[in-house]
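Let me begin by presenting the structure, written as structure tokens, before commenting on it.
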Amino acid sequence: MTFFWSSWITILSIMCWASILGILLMVLKYKPEVEDDGTTGHEYDGIREYDKALPKWWLVIFFGSIIWGVAYWVFFPGIFPSKWEGITTVEVDGKTLPWTSHNELNSELESNNKVFTDNFEKNILAKADASGATKTLATLSEMQATMRRSEAPPADLQSQIDEKIAELSPYVEKLSENPNALKVGSRLFLQNCAVCHGSNAKGATGYPNLTDNDWLYGGEASNILTTLHNGRVGGMAAWRDKLGEDGIRAVSEYVLSLSGNQPGYELDKAKVAQGEAIFKEPTNCVLCHGPDGKGMLSAGAPNLTDNIWLYGGDRETIRETLRYGRAGVMPEWETKLGNERIMLLAAYVYSLSDRTAQPAAMPKQVASTEKTVN
Ligand code: HEC
Ligand code: HEC
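Residues in the sequence shown are numbered consecutively from -3, following the numbering used here.
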């Protein structure tokens, strides 16, 4: 807090306190002249005013509040808040901190989380036959606390954390078969994820559908956990400078040919062949989308041979993607929701995906397109 605001609060508090005390003392000291009948002589509308002492209970409350006001300054930062923190403390993340509304909120969030965690262990994990996760969760949160608190955490701590997260996968699979866990998961999804992925999780332009079996980063429980814990950023560079508009048109034509079923598109075969050469240059598209264009989970690069599009599979949108690049951002949730809620969300997402569906690639159609190209 700046010196100005600190002084502002101090002056206002003291002035307010002193003027109330002053008025009270003044009233107590003031003795009006009283007439023979005990009234002060004021009369209004036939009502005459007596001089009676203030009621005791009222005075007690009033003086009590004035003393309480001083106590407040001792307990909380009210007088020179930039210098005096008050003697009240709260516990946050294992540390005793001076009271601020911010610290108090965090402390309350922590205790609410504790209630949630206990509930999660007793009512959800135990009933889904997944109590084994409790120990892993405890170790995980200890590691995360070490990571948060230490200035120079051990170099391999993050990879140990990642390993612990992966160890939760079998329990996520168990939760994904438990109706109660899914109910809580679906509520968490509506609150946190539906803004981007839609309330039915079917996604929108730029936001992937989570109910199909087509994945940017993988649909195993461990992949979904990693996505939720750390977030993801899609990295598709702009190609305008490197390829030029001519190159972009050619390679777009090749991408169209890859996805096979593009009804109504008459492909320019010369451009497809030219585009294929560009695509397959070792430092170009194959680097991430793979030699056959089927994508790569480790790069988050989508499969271009199916007909599932993140940004759109029409000619103009593909050109747009190539000209300007794309960088979809999936936020991280570890710090916002914590490990337990992430497990429930991962279980919900895992339950949504249609794992019986064929992996989305359509080799047959690609083959037939290749025939028309050659
Ligand atoms: C601000 C928008 C936003 C919110 C909120 C959001 N996501 Fe995402 N999510 C994205 C984007 C964008 C991607 C794709 C990232 C990319 O393009 O590389 C994504 C990707 C994913 C993926 C990976 C899909 C794949 O194909 O591998 C999963 C799983 C996922 N989100 C689940 C969730 C869950 C669960 C929540 C709620 C806790 C959530 N998302 C909240 C924007 C969001
Ligand atoms: C560095 C890795 C990388 C390279 C190289 C790369 N891409 Fe991508 N590409 C990606 C990623 C990652 C995405 C997803 C972007 C996102 O999630 O926001 C993507 C998305 C796309 C899309 C959008 C797909 C959809 O579903 O809407 C197209 C089309 C595409 N790339 C084509 C190409 C072509 C053609 C080339 C070569 C000129 C190329 N990419 C080179 C990583 C790459």
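Glycine is no exception: its CB is placed at the ideal position from the N, C-alpha and C atoms.
Is the CB-CB distance between residue i and residue j below 7 Å?
i: Leu341; j: Gly181; result: yes
i: Asn99; j: Leu105; result: no
i: Ser103; j: Glu87; result: yes
i: Lys110; j: Thr132; result: no
i: Met(-3); j: Ser78; result: yes
i: Phe129; j: Leu164; result: This sequence places Ala at residue 129; Phe is not what is there. Result yes, Cβ atoms of Ala129 and Leu164 sit closer than 7 Å.
i: Ala234; j: Tyr320; result: yes
i: Leu212; j: Pro298; result: yes
i: Leu121; j: Ile62; result: no
Using DSSP with H/G/I as helix, E/B as strand and the rest coil, what is residue i?
i: Arg44; result: strand
i: Arg351; result: coil
i: Gly128; result: coil
i: Ala323; result: coil
i: Glu100; result: helix
i: Thr84; result: coil
i: Lys179; result: helix
i: Pro166; result: helix
i: Met11; result: helix
i: Thr92; result: strand
i: Val30; result: coil
i: Met(-3); result: coil
i: Leu50; result: coil
i: Tyr213; result: coil
i: Glu448; result: Residue 448 cannot be examined here, being either before or after the span of the chain that is shown, -3 to 370.
i: Asn188; result: helix
i: Ala148; result: coil
i: Ala246; result: helix
i: Thr368; result: The pLDDT assigned to Thr368 is 36, lower than 50, so where the model puts this residue is not dependable; a value taken from the coordinates is nonetheless given after this. Residue state, collapsed to three classes: helix.
i: Gly194; result: coil
i: Leu263; result: coil
i: Tyr307; result: coil
Residues bridged to residue i by DSSP?
i: Glu39; result: Arg44
i: Tyr203; result: Ala200
i: Ala382; result: No answer is possible for residue 382: the residues shown for the chain start at -3 and end at 370.
i: Met232; result: Arg322
Return the CA-CA distance between residue i and residue j, expressed in angstroms with no decimal places.
i: Glu272; j: Gly231; result: 21 Å
i: Arg351; j: Ala217; result: 12 Å
i: Leu24; j: Trp4; result: 30 Å
i: Ala363; j: Thr301; result: Because the pLDDT at Ala363 is just 35, under 50, the model does not fix this residue reliably, and the value given afterwards should be weighed accordingly. In a straight line, the C-alpha of Ala363 is about 11 Å away from that of Thr301.
i: Pro51; j: Leu21; result: 15 Å
i: Tyr68; j: Gly74; result: 8 Å
i: Val70; j: Trp95; result: 12 Å
i: Leu178; j: Gly194; result: 17 Å
i: Glu277; j: Ile220; result: 32 Å
i: Thr84; j: Lys91; result: 14 Å
i: Tyr346; j: Ser172; result: 7 Å
i: Thr113; j: Asp125; result: 16 Å
i: Ile7; j: Gly65; result: 14 Å
i: Cys12; j: Pro204; result: 58 Å
i: Gly214; j: Ala269; result: 31 Å
i: Cys284; j: Asp210; result: 16 Å
i: Pro326; j: Ile10; result: Inspection of the sequence shows that residue 326 is occupied by Met rather than by Pro. Their backbone Cα atoms lie some 50 Å apart in a straight line.
i: Ala266; j: Ile244; result: 14 Å
i: Leu293; j: Ser127; result: 31 Å
i: Asp41; j: Leu101; result: 54 Å
i: Leu239; j: Thr279; result: 12 Å
i: Leu306; j: Phe116; result: 35 Å
i: Ile274; j: Val247; result: 7 Å
i: Lys290; j: Ser97; result: 52 Å
i: His38; j: Lys48; result: 14 Å
i: Val282; j: Phe(-1); result: 60 Å
i: Lys367; j: Leu263; result: With a pLDDT of 35 at Lys367, under the threshold of 50, the predicted position of this residue should be treated as unreliable, though the coordinate-derived value follows. Distance between the alpha carbons of Lys367 and Leu263: 13 Å.
i: Leu55; j: Ser2; result: 32 Å
i: Glu377; j: Gly60; result: Past the edges of the chain, shown from -3 to 370, lies residue 377, and the structure says nothing about it.
i: Gln187; j: Arg337; result: 12 Å
i: Pro28; j: Ala14; result: 24 Å
i: Phe72; j: Ile57; result: 21 Å
i: Arg208; j: Glu147; result: The question names Arg, but residue 208 is Asp in the sequence shown. Roughly 42 Å separates the two Cα atoms.
i: Arg44; j: Tyr26; result: 19 Å
Ligand 3 and residue i: does the residue's C-beta get closer than 6 Å to at least one heavy atom of that ligand?
i: Tyr213; result: In terms of ligand content, the structure shown lacks ligand 3 and carries ligand 1 and ligand 2 instead.
- If you pair each beta-carbon of the stretch 189 to 200 with each one of the stretch 128 to 147, do three or more pairs fall below 8 Å? no
- Are at least three pairs of beta-carbons, each pair with one atom in the stretch 242 to 253 and one in the stretch 311 to 328, less than 8 Å apart? yes
- Query: Below 8 Å, can you find three or more Cβ-Cβ pairs linking the stretch 222 to 230 to the stretch 332 to 346?
  - Reply: yes
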